[in-house]
Structures are given as structure tokens and as C-alpha cells.
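> Quick one: structure below, then a few questions.
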């Protein structure tokens, strides 16, 4: 190093260009990896959020169905949107991509609260005392779907 400073030799233009090209290439590759990782993280975070919403709604509805009698469960088939489900005093319906619940729908004053966001479809079937609830969630950006199916045999 001391010899380099004493000789007062510098770097040639070619050496500076090569070093700059190597640094630029390294930075470009590093930035590309960073952006790809960030996109993957955001996509996966959105998918996980939808899955969590669907699982929460499924768990909540399953709990209500397990405690419900056959007479307290009513299904209203939908034509354009999903089906609607009444369990005791609670009413579940799909509005757009939001699964809503009214905790006291018999009161005559509808007060729907969001239960899950990102829901694509809400289907309910009842055959005797056997109830099947299907909730399908979809990530609007990627089109990836996630679904849960609840199957409950109602008590008398």
C-alpha cells in the first residue's frame, strides 16, 4: 500500500469502468432479489390473511351449529350471492366479499357486522339434520382460492 502511494500511480479509466460495472451488476442482482422477496411476502401475507378470516368464520359457525337444534337452523338459498343461514338469533349472509353476521336478527333492526373479508362464496345445505357449510375465500389480486367445509349433524 505504501509503495502504491509513493509511486503515485493511479487507476486507469478501464479499471474504473470495470469496477463500476461489477458494482452496478451486483447492486442490480441484489435489488432484484429484494423486490422478488418483497412481492412474495406481500402475496403470501394476503393469502394468509384470507385463510385466517375463512378459518375464523368457519370456527365461529361450527361452534354455533354444534350448539343448535334442528329447529333453530334455517337456510335461505341465494340466487346471485351466497346462501343465507339463520342459527337461533344469528343470521349469516354474504354481501359482496364480506361474510356478515347479525347477532340479533329477530329484533327487527338489522345490524350486520363483518365476520370475514375476502369471501367469494358461501353455500349451505341441509338434509334432515345434516348441515354442510362451504366457505370459499379468494385473493382478488392472485385469484388463489381457499375453502373450508363444515359438516355437522344437528342435535334434536
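In the working numbering, the protein residues as written are 30 to 185.
For each residue, glycine too, the CB sits at the ideal point set by N, CA and C.
In the DSSP assignment, the beta strand (DSSP E) including residue 163 goes from what residue to what residue?
Translated into the one-based positions of the chain shown, residue 163 becomes position 134. Unbroken beta strand (DSSP E) run through residue 163: 159-167.
> Here's the rule I'm using: 16 or more other beta-carbon atoms within 10 Å means buried, otherwise exposed. How should residue 105 be labelled?
Reading the chain shown from its first residue, position 76 is the one you call residue 105. Exposed, by the Cβ-count rule.
> By DSSP's criteria, residue 143 is part of a beta bridge. Which residues make up the other side?
In the chain shown, the residue the question calls residue 143 occupies position 114. DSSP output for residue 143 lists 129 as bridge partner(s).
> So which of 115, 68, 61, 71 has the shortest CA-CA distance to residue 91?
In the chain shown, residue 91 corresponds to position 62, counting from 1. Checked all of 115, 68, 61, 71; the closest Cα to residue 91 is 115.
> Leaving out the 5 sequence neighbours to the left and right, which residues in its chain are closer than 6 Å to residue 176 when beta-carbon positions are compared?
Working through the chain shown from its first residue, we reach residue 176 at position 147. 165.
> With which residues is residue 150 paired in a DSSP beta bridge?
In the chain shown, the residue the question calls residue 150 occupies position 121. Answer by DSSP bridge pairing, in chain order: 165.
> Determine, using beta carbons only, whether residue 182 and residue 159 come nearer to each other than 8 Å.
Numbered from its first residue, the chain shown carries residue 182 at position 153. Numbered from its first residue, the chain shown carries residue 159 at position 130. A contact, by the Cβ cut-off of 8 Å.
> Please report the straight-line C-alpha distance between residue 45 and residue 57, rounded to a whole angstrom.
On the chain shown, residue 45 is found 16 positions in, with the first residue counted as 1. On the chain shown, residue 57 is found 28 positions in, with the first residue counted as 1. For residue 45 and residue 57, the distance between alpha carbons rounds to 18 Å.
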